[in-house]
Amino acid sequence: MLFNYKYSGSSQVDSNASSTSMSFAPDTLREPTFFRGTLSKNIPFREAISALHDVVTSDLRWKPKDKDEYKAWAAEQERIYLEEMRAKSEPIKIKVKELQKQLSVINAQSSRIMRPFYEAQSKFYSYLYKKDYDAWFVLDPVITVHPDEIFYECFSQDESSYGRLGCSYEVFKNINEFECGTTNIDYSDALYKEFQKIRNYKETDFVVDPSGFEVNTDNEDSFKELKIDLPDSWVRGFLQVSSAMTLDSTQFDLHPMDVYNFCFMLRRNKTRVGPRYIKFVLEPGQPIKAIFEPWGKEIVCERSPYLGNESKEVKIWGRRRLLILERLIPVAKKFKVRLLGTGLPSFFIADLGDMNFTLGLSGWTKNDWSKAGNFDLMAPRADVDLYTKKKIFETLKENWQESSDDLAKRMNLDKSIITGALSAYTQAGSVMYDMNKNVYRVRELSREKLPMDKLRFSNERERSANQMISQNRVSSNGQSIGDGKIKITGSVGRNQYNTELVIDSDQRLIEAECQCHFHQKNKLFQGPCEHILATRIHFNKSKFN
Ligand SMILES: [Zn+2]
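Our numbering applies: residue 4 is where the sequence shown begins, and numbers increase by one.
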């Protein structure tokens, strides 16, 4: 999906001995959004914006190790050992010495001849590296100015972590001017390094630069135009995590020391085999327990009792992403935790006083089709007619942010209609749910409308699997087969194909069979067929209902 940005220059941070001024360049193609203020909570802001940077660059996908250097070294060593062995007799030793001399001359010649090639090659690699490096930041954060709060949102490169930093106006000493709206901001690694220079004793000005749209048009050079082709899967991931925020969840608070203990546990232990989850054990009135597998280690959060009424166990994966919270521990008062359910997204909201930081973790990571079909977060949740929907959106936009209760009262409508309509706007990227204040906020993720039908499913098979489920053409049955594995059998579609799936203790699909042509031809090499997907989604749904 192609996005066009036109920044008024670059975002800049200027530091001197007594002051720091941060100026964010907004996208001038969007509605004018601006803000000017002076920070009063410098250190918490520095830590929080740095944590946001960690989300932007977070990439926990598996990367193969580069063994080339070791291999070259080993080959060279082998040659030397061989020579040493052969050189046991004196005459041979002399000959070897002579040959080595010749060899070094030849080597020198060869490297002289090859030098231009290696230079060009290294230039090429550094070009690739730089190009790739910049690609980290094409996923520029979005900034939104609201009457009560200014907030940044971003989504990680590996399409699995969402970050939101909200700064209430108490964070600023004086606010000169602001105009509500949402815009993308120019962001770079250099900017992150400049953030590290923020100090308590220095006055820090904070500007979303309004001159971007006051600049006269003949000065076109100062604009930075960008065309960014974001993968559909990235946009879908962002929307899925956003719409997960509107769903009911299990809630509890953690003391910053508990989060410290989690991070300590993750730093101290390595995982070579699965399962790799954290299991939260929640008993009413009892301290929250977190069990880390496969080590079987338990952290009892003595300072954090579970206040819910029902005993629960929830497992979450991708726990190394929690290390993003590390920088916030010294400045956080507490962490609110929201768990949607086993294998589903989870949220950690750091309470930083006048600021709040939400870390959203998807239940999946990029390209991980073995977890596909876990939950259709983009499914419409209520039938609200187009007129009412639009009216609700426009009413929300009058105040920019509002709770569903207040909106229901103000519009004299049933709350379920309000939440139905607003969850549809959330799925479309026009509204976001603020888990910190429990309000809906107007936030247009992009200037142009997002193509929702294209985004909802990642492929045709996923679409057709969901269709079969909505037409009640799927049945499924599961049983434990030991080792935390579950075997699911199903009967799917008009043709009543029989399917058989095995899910391991990390919720990955490890074996699957189906009678259809697609599966017979491709097995799992192209991902699961629609029948296997449908069986899995159906089974998951029956578990959650
Ligand atoms: Zn099939």
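For each residue, glycine too, the CB sits at the ideal point set by N, CA and C. Quick caveat: nothing in here was measured; it's all calculated off a predicted structure.
- Secondary structure at Ser22: strand, using DSSP grouped into helix, strand and coil.
- At least one heavy atom of ligand 1 lies closer than 7 Å to the C-beta of Tyr500.
- For the set Asn359, Arg464, Val145, the Cα lying nearest the Cα of Lys440 is the one of Asn359.
- In this structure, the CA atom of Leu458 is about 26 Å from the CA atom of Ser407.
- DSSP places Val244 within a helical segment (H, G or I) once states are collapsed to three.
- Annotation: the region 418 to 477 contains the following complete segments of the alpha helix (DSSP H) (minimum length 4 residues), in chain order: 418 to 430, 455 to 459, 463 to 473.
- Within the region 154 to 242, complete alpha helix (DSSP H) segments of at least 4 residues are found at 192 to 198, given in chain order.
- Residue burial annotation: Pro29 is buried, with at least 16 other C-beta atoms found within 10 angstroms of its C-beta.
- Under the 8 Å Cβ criterion, the region 337 to 353 counts as touching the region 242 to 258, having at least three qualifying pairs.
- Distance from the C-beta of His522 to the nearest heavy atom of ligand 1 is below 7 Å.
- In this structure, the CA atom of Lys336 is about 16 Å from the CA atom of Phe350.
- Cβ contact annotation for Met268 (same chain, cutoff 7 Å, sequence separation greater than five): Phe295, Lys300, Ile302, in chain order.
- Residue environment: Tyr190 is assigned as buried (16 or more neighbouring CB atoms within 10 Å of its CB, all protein chains considered).
- In the three-state DSSP reduction, Phe295 falls in the strand class (E or B).
- Not one heavy atom of ligand 1 lies closer than 7 Å to the C-beta of His541.
- Where Glu50 is concerned, the enclosing alpha helix (DSSP H) starts and stops at 45 to 59.
- In this structure, DSSP gives Asn272 a state outside helix and strand, which the three-state scheme calls coil.
- The beta carbon of Glu197 sits no closer than 7 Å to any heavy atom of ligand 1.
- By the Cβ-count criterion, Tyr500 is buried, with 16 or more other Cβ atoms from all chains shown falling within 10 Å of its own Cβ.
- Secondary structure of Ala123 (DSSP, three-state): helix.
- The beta carbon of Val495 sits closer than 7 Å to those of Met471, Arg476, Val477, Thr502, His534, Ala537, Thr538, all from its chain and outside the five residues before and after it, given in chain order.
- The shortest CA-to-CA distance from Thr422 to any of Leu42, Phe226, Thr391 is the one to Thr391.
- Here Gln254 carries a strand assignment [DSSP, helix/strand/coil].
- At a cut-off of 7 Å, the beta-carbon of Ile535 counts as near ligand 1: some heavy atom of the ligand is closer than that.
- Ile201 places its beta carbon less than 8 Å from that of Phe48.
- For Thr41, the closest C-alpha among the options Pro35, Glu316, Ala51, Ser26 is that of Ser26.
- In this structure, Arg446 keeps its C-beta atom at 8 Å or more from the C-beta atom of Thr23.
- With a cutoff of 7 Å, Cys519 counts as near ligand 1, since its C-beta is closer than that to a heavy atom of the ligand.
- In the structure shown, Ala111 adopts helical secondary structure according to DSSP, grouped into three states.
- Remark: the C-beta of Cys532 is in contact range of ligand 1, defined as less than 7 Å to any heavy atom.
- In the structure shown, Val99 falls within a helical segment according to DSSP collapsed to helix, strand and coil.
- If you look at Lys9, you'll find it in the beta strand (DSSP E) that goes 5 to 11.
- Taking every protein chain shown into account, the CB of Gln124 has fewer than 16 other CB atoms within 10 angstroms, so this residue is exposed.
- Thr361: member of the beta strand (DSSP E) spanning 358 to 364, first to last residue.
- Of the candidates Arg306, Leu310, Pro287, Ile281, Ile281 places its Cα closest to the Cα of Trp298.
- Note on geometry: alpha-carbon atoms of Lys400 and Asn469 lie some 33 Å from one another.
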